[in-house]
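**Student:**
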Amino acid sequence: MKTLVYIDHFKGQVQPAAWEALGVAKSFGNSAAVIFGSGLDELTKTAFEFGADEVLTADETGMQDYRAEAYAATLSALAASRSPDLILLPTTSRTRELAAMTAIDLNTGVLVDVTALAMDGDKLVATRPIYEGKLLERTVCTGKPVIATLRARAFPRPAQDASRSGTPTKVEAKPDSPAKVEGYALTESAVSVTDASVIVSGGRGVSNNPSLTPPAGTDEKQAEIWRAQQGFKLVGELAGVLGGAVGASRAAVDGGYIPYSHQVGQTGKVVSPDLYIACGISGAIQHIVGIRSAKLVVAINKDPDAPIFKVARYGVVGDLFQIVPALTEVFKKKVGK
Amino acid sequence: MKIIACIKQVADSEAKVKAENGQISWGDAPLVINPFDEYAVEGALQQKEALGGTVTALCIGPASAKEALKHALAMGADDSILISDSALASLDTQGAAHILAAAINKIRGVDLVIFGRQTLDDGSGLTAAQTARILGWPMLGLSGQIKIENQNLQVERIIEEGRQIVSVKLPAVMSVVQSIGEPRYPSFMGIRKASKAEIPVWSLKDLGIAAPVSLVSRLDLITPPSREIICEIISGDNPNAIAESLADKILAEKVL
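Here it is in structure tokens:
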């Protein structure tokens with residue numbers, strides 16, 4: 001089987017699930033990594049190291065910024081000339097639209113946020129969560145190529161072999177787009193929650209530290225946000241020691257404590273970390289559905305009846321402002337990071 | 338400004354969804370407007386208030402989906418259209434996009450089409466971009482902070498790395514995220530108006546198109562293995578002792 005794997009990246013920073021997709025493609029046969037952008041030498045090298053048989057690049061200044069129409073036109077033209085059996089993409093904010101539009105161009109279908117992909121006879125069958133993960137469906141695409149976006153961390157990451165190398169093949173770019181990129185407002189968080197193997201999350205409870213005195217002259221709302229930000233510092237320190245990302249409940253985001261990009265749950269991001277530590281999160285159903293595929297959930301909450309304890313393997317009923325810093329210190333010693 | 342808000346009716350998010358004889362069942366849970374689509378209606382109403390014009394709610398579904406359209410009317414939409422046809426039993430996202438594009442073309446003179454980011458049921462989040470592609474209009478996915486001036490639409494798109502600020506000329510299609518603002522509650526007057534509304538129903542024949550050929554189909558449903566989790570509460574004499582035992586438990590699970 002011939003597969004094109006779209007390597008989604010932002011200024012050279014790859015969504016790690018792209019390499020997972022490359023690993024899936026290799027298990028099916030021939031794999032070509034597809035990279036769009038400007039100045040792609042480093043990424044090309046990495047794609048060969050992760051095992052791509054071929055690397056196809058549309059590398060020019062006109063392709064520097066992702067714009068749905070330009071990228072879809074380039075991918076569609078490439079697929080039309082190469083006739084792959086399968087196009088794989090990691091599921092990201094960009095690839096949902098890119099896959100959707102390319103499917104229209106090629107008159108085929110898209111299987112979104114796939115968590116398992118296997119041949120069943122001559123059919124490629126995808127398993128994907130529906131109804132917020134309350135059910136899974138096994139589904140097929142009858143068009144050609146099959147287009148599938150893969151959920152982050154659902155597939156193993158292939159080994160990186162620094163001795164592998166190769167020369168990229170240039171493909172035709174279609175940089176024209178009706179959209180003009182005016183700029184970016186980037187968040188500085190080191191690890192994104194979607195790709196993190198460890199997430200430490202804070203909820204409304206992080207704003208309740210009674211022992212803090214907010215700076216003079218702040219009104220009630222400002223004082224609440226200030227308290228919450230002190231609380232999120234503790235959450236961030238624990239995440240830092242564990243090499244993880246900082247997550248948040250909707251209540252914390254709505255309260256203005258932390259930007260939306262950290263939000264986990266139905267209206268935020270669905271995550272699948274190995275370890276999820278919920279601090280001061282009560283556990284509304286909309287949050288619970290977002291952490292369903294976490295391997296180990298730990299909850300720290302002062303309310304013993306908080307629903308989060310129903311989905312947690314380990315719980316601490318207590319004051320997160322004491323437990324979280326203590327846990328950070330213990331892990332500093334034990335994990336040595 | 339002629340604005341279309343595309344909505345869908347889904348089972349309420351609290352519903353206990355199950356597989357029963359290969360079909361999806363949500364028991365007696367109510368059917369509601371897809372919660373993400375309430376943001377689409379809210380976004381459309383905000384732009385109407387800022388710039389003048391009309392908001393039309395558009396929905397594909399069975400006759401019962403009129404209730405979802407009535408919710409949009411009660412929020413303040415000016416009118417609504419239901420697309421309903423017995424030939425639309427198994428519709429995939431491409432099919433839905435072809436139908437919506439045909440309806441938008443039939444309505445004529447549309448400046449902006451707004452979708453919610455995804456639906457609670459299928460959750461694939463493809464239909465907005467596919468509708469844009471079929472119409473040949475620009476697509477702005479996951480948009481917040483909408484600004485429209487002189488037919489120029491600027492938004493901040495949520496991306497993994499933060500936000501991308503993009504502008505296009507209208508007409509355009511967009512999907513919105515919750516940062517555009519909480520959907521308003523239907524007003525008393527709105528509910529009264531909606532309850533009396535006669536909602537036009539368009540068939541495929543009215544749209545002048547054949548039933549789309551399905552390209553994605555479901556083989557079967559699987560109920561995810563339910564995890565019986567018993568929470569072990571870690572206690573101790575002081576925070577350090579608790580942290581010590583908790584860290585040991587976590588390390589023993591070999592997840593780090």
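As given, the protein sequences belong to chains A and B, one line each in that order. Per the working numbering, residue 1 is the first one in the first sequence, and the count goes up by one each step. Per the working numbering, residue 338 is the first one in the second sequence, and the count goes up by one each step. All residues carry an ideal CB built from backbone N, CA and C; glycine is no exception. On a predicted model such as this, the values are computed, not experimentally measured, just so you know.
Give the residues from the segment 448-463 of chain B that approach chain A closer than 9 Å (Cβ to any Cβ), ordered along the chain.
**Tutor:** Answer set for the segment 448-463 of chain B: Arg-454, Gln-455, Leu-457, Asp-458, Asp-459, Gly-460, Ser-461, Gly-462, Leu-463.
**Student:** Could you round the C-beta distance between Gly-133(A) and Ala-196(A) to whole angstroms and report it? I think they count as a contact, below 8 Å.
**Tutor:** Between Ala-196(A) and Gly-133(A) the Cβ distance is about 18 Å, and since that is not below 8 Å, they are no contact.
**Student:** Classify Asn-577(B) as helix, strand or coil using the three-state DSSP reduction.
**Tutor:** In the structure shown, Asn-577(B) sits in a helix (DSSP, three-state: H, G or I).
**Student:** In chain order, what residues of the same chain have a beta carbon less than 7 Å from the beta carbon of Ala-100(A), not counting five sequence neighbours either side?
**Tutor:** Around Ala-100(A): Val-110.
**Student:** If the cut is a Cβ gap below 8 Å, which residues of chain A does Glu-351(B) touch?
**Tutor:** Those are Ile-285, listed as they occur along chain A.
**Student:** Taking CB distances under 7 Å as the criterion, tell me whether Pro-576(B) reaches chain A.
**Tutor:** It does: the Cβ of Pro-576(B) has a partner Cβ on chain A nearer than 7 Å.
**Student:** Does any CB atom of chain A fall closer than 7 Å to the CB of Ile-528(B)?
**Tutor:** It does not: the Cβ of Ile-528(B) has no partner Cβ on chain A nearer than 7 Å.
**Student:** Taking C-alpha atoms, which residue in Lys-484(B), Val-592(B), Leu-583(B) lies nearest to Gly-315(A)?
**Tutor:** When only C-alpha atoms are compared, the closest one is Leu-583(B).
**Student:** Just to confirm, is the Cβ distance from Lys-310(A) to Val-592(B) under 7 Å?
**Tutor:** No, the Cβ-Cβ distance between Lys-310(A) and Val-592(B) is not below 7 Å.
**Student:** Does the beta-carbon of Asn-575(B) have 16 or more other beta-carbons within 10 angstroms, so that it is buried, or is it exposed?
**Tutor:** Per the 10 Å Cβ criterion, exposed.
**Student:** The alpha helix (DSSP H) spanning Phe-155(A) covers which residue range?
**Tutor:** Neither: Phe-155(A) is in no alpha helix (DSSP H) and is coded neither H nor E.
**Student:** Check each candidate in Ala-159(A), Lys-174(A), Asp-85(A), Pro-156(A) and name the one with the smallest Cα separation from Cys-141(A).
**Tutor:** Measuring from the Cα of Cys-141(A), the nearest candidate turns out to be Asp-85(A).
**Student:** Check whether the Cβ atoms of Ser-177(A) and Arg-67(A) lie closer than 7 Å to each other.
**Tutor:** A contact, by the Cβ cut-off of 7 Å.
**Student:** For Ala-414(B) and Thr-391(B), what's the separation of their Cα atoms in angstroms?
**Tutor:** The alpha-carbon atoms of Ala-414(B) and Thr-391(B) are separated by roughly 8 Å.
**Student:** Show which residues of chain A have a CB atom less than 8 Å away from the CB atom of Ala-584(B).
**Tutor:** Per Cβ cutoff of 8 Å: Leu-327, Val-330, Phe-331, Lys-334.
**Student:** Are any of the Cβ atoms in chain A nearer than 7 Å to that of Met-476(B)?
**Tutor:** Judged by the 7 Å Cβ criterion, Met-476(B) is in contact with chain A.
**Student:** Which bits of chain A does Gly-389(B) rub up against, with CB to CB less than 9 Å?
**Tutor:** None at all; the shortest Cβ gap to chain A is about 24 Å.
**Student:** For a quick check, are the C-beta atoms of Ala-25(A) and Leu-88(A) less than 7 Å apart?
**Tutor:** It is a contact, given that the beta carbons lie within the stated cut-off.
**Student:** Looking at chain D, is there any beta carbon in it that lies within less than 7 Å of the beta carbon of Arg-521(B)?
**Tutor:** Judged by its chain identifiers, the structure shown contains no chain D, and its protein chains are A and B.
**Student:** Measure the CB-CB distance between Ser-282(A) and Ala-306(A) and report whether it falls below 7 Å.
**Tutor:** It is a contact, given that the beta carbons lie within the stated cut-off.
**Student:** Is there at least one Cβ from chain A nearer than 7 Å to Gln-383(B)'s Cβ?
**Tutor:** No - not a single Cβ of chain A is within 7 Å of the one on Gln-383(B).
**Student:** What does the alpha-carbon distance come out to for the pair Asp-374(B) and Gly-380(B)?
**Tutor:** Computed Cα separation, rounded: 10 Å.
**Student:** Check the Cβ of Lys-506(B) against every Cβ in chain A and list those closer than 7 Å, keeping chain order.
**Tutor:** By Cβ distance, chain A contributes Pro-178.
**Student:** From the DSSP secondary-structure annotation, give me the bridge partner or partners of Ile-340(B).
**Tutor:** Per DSSP, Val-392(B), Leu-449(B).
**Student:** Helix, strand or coil, according to DSSP, for Gln-222(A) in the structure here?
**Tutor:** Helix, per DSSP.
**Student:** Can you give me the C-alpha to C-alpha distance between Ala-228(A) and Gly-255(A), rounded to a whole angstrom?
**Tutor:** In a straight line, the C-alpha of Ala-228(A) is about 9 Å away from that of Gly-255(A).
**Student:** Taking one C-beta from the segment 434-452 of chain B and one from the segment 464-477 of chain B each time, how about it: are there three or more such pairs within less than 8 Å?
**Tutor:** At 8 Å Cβ cutoff, the stretches touch.
**Student:** Which residue's Cα is closest to the Cα of Gln-286(A): Lys-334(A), Ser-93(A), Ser-249(A)?
**Tutor:** Answer by Cα proximity: Ser-249(A).
**Student:** For Phe-331(A) versus Val-246(A), is the C-beta distance shorter than 7 Å?
**Tutor:** No, Cβ-Cβ distance for Phe-331(A) and Val-246(A) is not below 7 Å.
**Student:** Val-450(B): which of Ala-465(B), Leu-457(B), Ser-362(B), Asp-557(B) sits nearest, CA to CA?
**Tutor:** The candidate whose alpha carbon is nearest that of Val-450(B) is Ala-465(B).
**Student:** Give every residue of the same chain whose Cβ lies closer than 7 Å to the Cβ of Ala-548(B), excluding the five residues on either side of it in the sequence, and list them in chain order.
**Tutor:** Closer than 7 Å at the Cβ level, and outside the excluded window around Ala-548(B), lie Ala-424, Leu-425, Leu-541.
**Student:** Where does Val-550(B) land, buried or exposed, given buried means 16+ other C-beta within 10 angstroms?
**Tutor:** The residue in question, Val-550(B), is exposed, as its Cβ has fewer than 16 Cβ neighbours within 10 Å.
**Student:** Could you name the residues of the segment 65-96 of chain A whose beta carbon sits closer than 9 Å to any beta carbon of chain B, in the order they occur along the chain?
**Tutor:** For the segment 65-96 of chain A, which is checked against every Cβ of chain B, the residues closer than 9 Å are Asp-65, Tyr-66, Arg-67, Ala-68, Glu-69, Ala-72, Thr-92, Ser-93, Arg-94, Arg-96.
**Student:** Kindly indicate which residue of Phe-50(A), Gly-12(A), Tyr-6(A) has the alpha-carbon position closest to the one of Ser-163(A).
**Tutor:** Selected option, being the one with the closest Cα: Phe-50(A).
**Student:** Let me see if you follow: with CB-CB separation under 7 Å, is Ser-192(A) close to chain B or not?
**Tutor:** For Ser-192(A), the answer is yes, since a Cβ of chain B falls inside 7 Å of its Cβ.
**Student:** What does Leu-135(A) pair with, by DSSP beta-bridge criteria?
**Tutor:** Answer is Ile-130(A), bridged to Leu-135(A).
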